[in-house]
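Protein chains: 2
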Amino acid sequence: MTIEKNALNGHPKPLILVTNDDGITSSGIRTLVELMQTLGEVVVVAPNSPQSGMGHAITIGEPLRLYSTELFDEVDEYECSGTPADCVKLAKHYVLKDRTPDLVVSGINHGSNSSISVLYSGTMSAAIEAAIEGIPAIGFSLCDYRDDATFDHVKEFVLSITKAALENGIPKGVALNVNFPAKSDQPIQGVKVSRQANAKWQEKFDYRTDPYGRGYLWMAGDFINFDQDKEDTDVWALSQNYVSVVPCQYDLTAYQAMKKMETWSFHTK
Amino acid sequence: MTIEKNALNGHPKPLILVTNDDGITSSGIRTLVELMQTLGEVVVVAPNSPQSGMGHAITIGEPLRLYSTELFDEVDEYECSGTPADCVKLAKHYVLKDRTPDLVVSGINHGSNSSISVLYSGTMSAAIEAAIEGIPAIGFSLCDYRDDATFDHVKEFVLSITKAALENGIPKGVALNVNFPAKSDQPIQGVKVSRQANAKWQEKFDYRTDPYGRGYLWMAGDFINFDQDKEDTDVWALSQNYVSVVPCQYDLTAYQAMKKMETWSFHTK
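Heads up: the sequence lines are chains A and B, in that order.
Going by my numbering, the first residue of the first sequence is number 1008, and it counts up by one from there.
Going by my numbering, the first residue of the second sequence is number 1008, and it counts up by one from there.
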């Protein structure tokens, strides 16, 4: 292994910031912290409450709270009242001040962030926020929503993918979206670099009445995959019991569309 | 004008869904509703409170409230307790049920959503959510954060860009991010189709102590543009008093990075 070769900032071990969106007490982040401690110096800044579905939300117009915690062994750790993206900003510009992490890892999320779910994902927004800061970043998610999900079968892959990222360097402007199959009878087949499947959630709203007679709605939905059987997608890789790795960029510009729009007339002077 | 030609669903006038992230009582959405009423049938589903910086957050694990309002003339209108993305989902799958809007417009946001701000923007997330649903969508933002911002100077451009989008059709998988210069002594120069400038917010956290002796932090920051003087960017267009139009896609896959990663070894069986 050549982590030392690539470790920046003159430190012998890489400085690794760990965050997530399920909150600092979840078992997913505990697994990730313990794994990262075998690779480098770990700092944790994570939300003090579940932040699933927060997307790339940041806290504007309200102050943030930040408290140190003692949940892990030999880790500099903080819980924050904000979103996953807030946590990365706070870690980079307040907690760590003069030190820049060599790597930011987020997760391990309880639930898939493959396909279109990457847009709603607090886990991945933390990783993308790190990429905006120029820091190599990986979001890890397990396709199992349960609080007591099992992470044992993915530990070796968390380490191997993290080592590969530290060795090769993650391309600029990009963060990795890693999704793991849920624990099953079958062993994981390996790792596939994939693209984001084109899919959406088909929402259904469940109308109910509260004890005061006022209506409210629960959002639920079915996943609709427009890329069924496309073998280059993350959803396909996961369906075949592979780990999917999608490099995600934060430049949303649709360059092909820009070309098409050259012919548009805007009917103005 | 050929809006009628392009209007779908067999209706004589296009069905236009209006939402925003500043909340249903803001003057920006009022301006947008009035303009859209000159083009088609308008339905409003918008947040009941400011949702700036909510990114692509959605409400999971909590119910949503939806109430009809009477803020506009001759408009089917609702306020919602959720995020801008929730509003689009609710409108499409609950309020409108069997009808699909011909267009979704979001805004006019009080504040710029150019460059990296598109990621944090509730305004644009509503538009992108519509694009995921296959509906043409435009987010409009004014580079003026004030509640009493003036929108008069951009009205003709809102209409001309909307008409151009209805006439030409917005490419699949894409929503338009339109930003307007703030009102100034100089007239707007025209419309420029641009790319998202590569930039970031350099955060500073202001530590204070509350009346109970506990610390809290305000997030503030400076905008750092790595694409200074790049004339193909949205930030440059706005600096020259042009309206910027950036087509944004929700496929985050970094295809170039996928190629680079072909050589990675993940050290697993």
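Idealized CB from N, CA, C, for every residue including glycine.
| Cα separation between B/Q1256 and B/Y1262? | For B/Q1256 and B/Y1262, the gap between their C-alpha atoms comes out near 13 Å.
| Reduced DSSP secondary structure (H/G/I, E/B, other) of B/N1205 | coil
| Ends of the alpha helix (DSSP H) at A/N1175? | K1162 to N1175
| query | If we call anything under 8 Å between Cβ atoms a contact, is A/G1089 one with A/T1066? | reply | yes
| query | What's the call for B/Y1214, buried or exposed, on a 16-neighbour Cβ count within 10 Å? | reply | Classification for B/Y1214: exposed.
| said: Would B/I1145 and B/V1112 be called neighbours here (beta carbons separated by less than 8 Å)? | reply: Less than 8 Å separates the beta-carbon of B/I1145 from that of B/V1112.
| message | Cβ closer than 9 Å: which chain B residues qualify as neighbours of A/A1211? | response | Before going further, note that residue 1211 of chain A is Lys rather than Ala in the sequence given. Near A/K1211 (Cβ distances below 9 Å), the residues of chain B are H1100 and Y1101.
| message | What would DSSP say about B/V1112, mapped onto helix, strand or coil? | response | strand
| Using a beta-carbon distance cut-off of less than 8 Å, what residues from the region 1233-1265 of chain B approach chain A? | V1252, V1253, P1254, C1255, Q1256, Y1257, D1258, L1259, T1260, A1261, Y1262, Q1263, A1264 and M1265
| message | Tell me whether the region 1035-1049 of chain A and the region 1112-1122 of chain A touch, counting them as touching only if at least three CB pairs, one residue from each stretch, are closer than 8 Å. | response | yes
| said: Once the 5 residues before and after A/K1207 are set aside, which same chain residues still bring their CB inside 6 Å of it? | reply: By the criterion of a C-beta distance shorter than 6 Å, A/K1207 is surrounded in its chain by I1123 and I1231, once the five residues flanking it on both sides are discounted.
| Can a CB atom of chain B be found closer than 8 Å to the CB of A/I1142? | no
| message | Measuring straight from C-alpha to C-alpha, what distance separates B/N1175 and B/E1136? | response | 20 Å
| said: Spatial neighbours of A/I1023 within its chain, please: C-beta separation below 8 Å, excluding the five flanking residues on both sides. | reply: M1043, L1046, G1047, E1048, V1049, V1050, P1108, D1109, L1110, V1111 and V1112
| message | Are the CB atoms of B/D1234 and B/Q1209 within a distance shorter than 8 Å? | response | no
| task | Please decide whether B/K1267 counts as near chain A, where near means a Cβ-Cβ distance under 8 Å. | result | Chain A places a beta carbon closer than 8 Å to that of B/K1267, counting this residue as a contact.
| request: Compare the C-beta of A/Y959 with all C-beta atoms of chain B and state if any pair is closer than 8 Å. | output: The question about residue 959 of chain A has no answer here: the residues shown for chain A are numbered 1008 through 1276.
| request: From the DSSP output, in three-state form, read off B/L1183 for me. | output: strand
| query | If you run the structure through DSSP and keep just helix, strand and coil, what is B/I1139? | reply | helix
| Listed by chain order, chain B residues near A/G1068 by CB distance under 9 Å | Those are P1057, S1059 and G1060, listed as they occur along chain B.
| Closer than 8 Å, CB to CB, is B/A1064 near chain A or not? | yes
| query | Which whole runs of the beta strand (DSSP E) in the region 1019-1053 of chain B are 3 residues long or more, in chain order? | reply | 1022-1026
| field | Top-ranked residue by Cα proximity to A/L1183, from A/D1192, A/P1194, A/Q1193 and A/R1202 | value | A/R1202
| field | Residue-level contact to chain B via CB, A/Q1203, 8 Å cutoff | value | It does: the Cβ of A/Q1203 has a partner Cβ on chain B nearer than 8 Å.
| field | Neighbour list for B/I1115 in chain A, Cβ cutoff strictly below 8 Å | value | Here the premise fails: no neighbours, minimum Cβ distance about 17 Å.
| Thinking just about the alpha-carbon of each residue, which of A/V1252, A/T1260, A/K1266 and A/M1265 is nearest to the one in B/M1268? | When C-alpha distances from B/M1268 are compared across A/V1252, A/T1260, A/K1266 and A/M1265, the shortest belongs to A/V1252.
| request: Name, please, each residue of chain B whose Cβ falls closer than 8 Å to the Cβ of A/A1171. | output: Within 8 Å Cβ-Cβ: W1271, S1272, F1273 and H1274.
| field | A/C1150 versus A/L1126 - alpha carbon distance | value | 16 Å
| task | Please say whether B/Y1249 and B/Q1193 have beta carbons closer to each other than 8 Å? | result | no
| At a CB-CB cut-off below 9 Å, which residues of chain B make contact with A/P1178? | A1261, Q1263, A1264, K1267 and M1268
| said: Just checking: is the beta-carbon of B/R1072 within a distance shorter than 8 Å of some beta-carbon in chain A? | reply: yes
| How many angstroms separate the CA atom of B/Q1058 from the CA atom of B/G1129? | 7 Å
| How many angstroms separate the CA atom of B/A1053 from the CA atom of A/F1164? | 43 Å
| With distances taken from CA atoms, which of A/I1139, A/N1027 and A/R1106 is nearest B/A1204? | A/I1139
| A/V1181 at chain B interface by Cβ criterion, 8 Å | yes
| message | Please state the DSSP three-state secondary structure of B/S1246. | response | helix
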